[in-house]
Amino acid sequence: MTYIEGFVVAVPTANRQAYIEHAAGAVAFLKEFGVARMVENWGDDVSVGTLNDFAGAVQATADETVVFSWFEYPDKAARDAASAEMMTDPRMEAMGASMPFDGSRMIYAGFQAEVEEGSAAGTGYVDGIILPVSPANKDAYFALARTVSAAFLENGAIRVVETWGNDVPAGEKTDYARAAHAIGDEVVVYSWVEWPDKATRDAGMPKVMADARMQTPPANLPFDGKRMIYGGFTTILDA
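Note that the numbering used here has the sequence shown beginning at 2, numbered continuously upward.
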């Protein structure tokens, strides 16, 4: 199944256009190394959490906006080969030197897709989610994910993807484990829902939340909902 390289980064809000241009300039380079799809999403409806949230995940300041983005590869072997080659390409160093954001606070990791429902054609808005799940609850989590994905797709969403942390490095300033407040052997899940636009998402989300398939009591959830990070993002690049 698809292998995902997932990123979350804080970008100075004033650098929005510069960020879009920087990302667009990397498309040809990334496709050369096997990236099948690159999606960049600009924070729009990013909730403030009690324990953690997207802003805290990347230590975003008041004048920064959180970006939720990912690369899609056919499989992990393709991603691993691409990563090794990219790191030795001088163009990578040049792109790193011109980033319009603080790369030291960017969190990134590799994730294996476990649920892929729907089609990616026409994405205009994304709901992004990060949460920690115990390996003992992995099967239960993805069983639930498959059930609730149907509720999203029946109410306007066009694609639902759920992934399991596979290559999640520890960062110097922050990382996925710290962002999700993972403890013990918990694994970070990186997931998203794609919508054609924000209007469809805003109309569909209340219907999804009211759907009987979403009514699992908190005590029966295979994860700690208090540590789930979520937010809405406008798609600014889909290549």
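For glycine and all other residues, C-beta sits at the position ideal for the given N, C-alpha and C.
Pairwise C-beta distances place the stretch 28-46 in contact with the stretch 71-87, as three or more of them are shorter than 8 Å. The three-state reading of DSSP puts L31 in helix, counting H, G and I together. Listed as beta-bridge partners of I108 by DSSP are V9. Across the structure, V10 and Y20 are spaced so that their CA atoms are roughly 11 Å apart. Across the set G7, Q18, L52 and G57, the C-alpha of G7 shows the shortest separation from the C-alpha of R80.
Relative to E155, the option among D64, G119 and G97 whose CA is nearest is G119. Using a Cβ distance threshold of 8 Å, G166 and V189 count as a contacting pair. Looking at the backbone, the Cα of G232 and that of A82 are separated by about 32 Å. Under the rule that a run must span 4 or more residues, the alpha helix (DSSP H) segments found entirely inside the stretch 169-223 read 177-180 and 199-211.
Annotation for M87: F34 and M93 place their beta carbon closer than 6 Å to its own, counting only its chain and skipping 5 residues before and after. Our two residues, A121 and A151, have alpha carbons roughly 15 Å apart in a direct line. Selection A211, H23 and A158 evaluated against G97 yields H23 as nearest (Cα-Cα). Between V149 and R202, the C-beta gap is not smaller than 8 Å, which leaves the two residues out of contact. Listed in chain order, the non-local C-beta contacts of P197 below 8 Å within the same chain comprise G123, T124, G125, Y126, G157 and I159, local neighbours out to five positions each way being set aside. By the beta-carbon neighbour count (other beta carbons within 10 angstroms, threshold 16), I184 is exposed.
With distances taken between CA atoms, M107 lies nearest to P13 out of A204, P13 and A240. Excluding its 5 nearest sequence neighbours in each direction, R147 has C-beta neighbours in its own chain below 7 Å: V116, listed in chain order.
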